[in-house]
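Numbering (our numbering), first residue to last: 1 to 212.
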Ligand SMILES: [Zn+2]
């Protein structure tokens, strides 16, 4: 089977598994992916992995586990865990006993890895749903600011990298057009620094109780 047929097959697999586990895009996050891991009997361990590796999938004698890089933010963590599910469903038998599949930038061009990315993307935010949301947003020109606004109201837990890839895939953004854009910074400029990241500079003033 050619690569595109292989990727389409993995998208179909992702939709099947979503249905099996009753996944709803807006509700799907780390809690549910952990529940799926439990149901599939895959252990999750956190490790200080090297920069180029996000996660490892291992299966030996029917004992399956994923080593997940420590300190990943929630969105890439979710993506990595779903990526590893593809190795569990499709690559487990081709891995010789005790062999390991390492996922990261270092082997990003390998169809087995691209397939896992395609699977994870379809699982977390199916292409059809994403396209419908993008059309509904009614954006004439996808600028970095428009992407930040879209992400604010986006029901799927996905990263900026994810959204940019989708826009490129749908032909709504030129490939590489947003390379180097610091979306998080831009987001803070537009919407303000999120509460959890603020330093409590004002706490002394409040404590003085000038208003109460
Ligand atoms: Zn992988």
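Quick reminder that beta carbons are idealized off the backbone N, C-alpha and C, glycines included.
Query raised in the report: Closest to residue 155 by CA distance: which of 193, 8, 133 is it?
Result: In the chain shown, counting from the first residue as 1, residue 155 sits at position 155. Residue 155 has its Cα closest to that of 133, out of 193, 8, 133.
Query - Neighbourhood of residue 165 by C-beta, 8 Å cutoff - its chain only, sequence neighbours within 5 removed - result: In the chain shown, the residue the question calls residue 165 occupies position 165. So the qualifying residues of the chain are 121.
Query raised in the report: Do you know how far the Cα of residue 126 is from the Cα of residue 13?
Result: Taking the chain shown and counting its residues from 1, one reaches residue 13 at position 13. Taking the chain shown and counting its residues from 1, one reaches residue 126 at position 126. About 12 Å.
**Report entry** Boundaries of the beta strand (DSSP E) in which residue 59 is found, first to last residue
**Finding:** For this step, residue 59 is matched to residue 59 along the chain shown. Counting along the chain, the beta strand (DSSP E) containing residue 59 begins and ends at 53-60.
Query raised in the report: If you measure from the CB of residue 52, is any heavy atom of ligand 1 nearer than 7 Å?
Result: For the purposes of this step, residue 52 is taken as the residue at position 52 of the chain shown. Look at residue 52: its beta carbon is at least 7 Å from all of the heavy atoms in ligand 1.
**Report entry** Exposure of residue 39, with buried meaning 16 or more beta-carbon neighbours within 10 Å
**Finding:** Position 39 of the chain shown, counted from the first residue, corresponds to residue 39. Residue 39 is exposed by the Cβ-count criterion.
Report task. Find the nearest neighbour of residue 58 within the set 70, 173, 77, 102, judged by alpha-carbon distance. Result -> Walking along the chain shown from the start, residue 58 turns up at place 58. For the residues 70, 173, 77, 102, the minimum Cα distance to residue 58 belongs to 102.
Query raised in the report: According to DSSP, is residue 23 helix, strand or coil?
Result: By one-based count along the chain shown, residue 23 stands at place 23. Coil.
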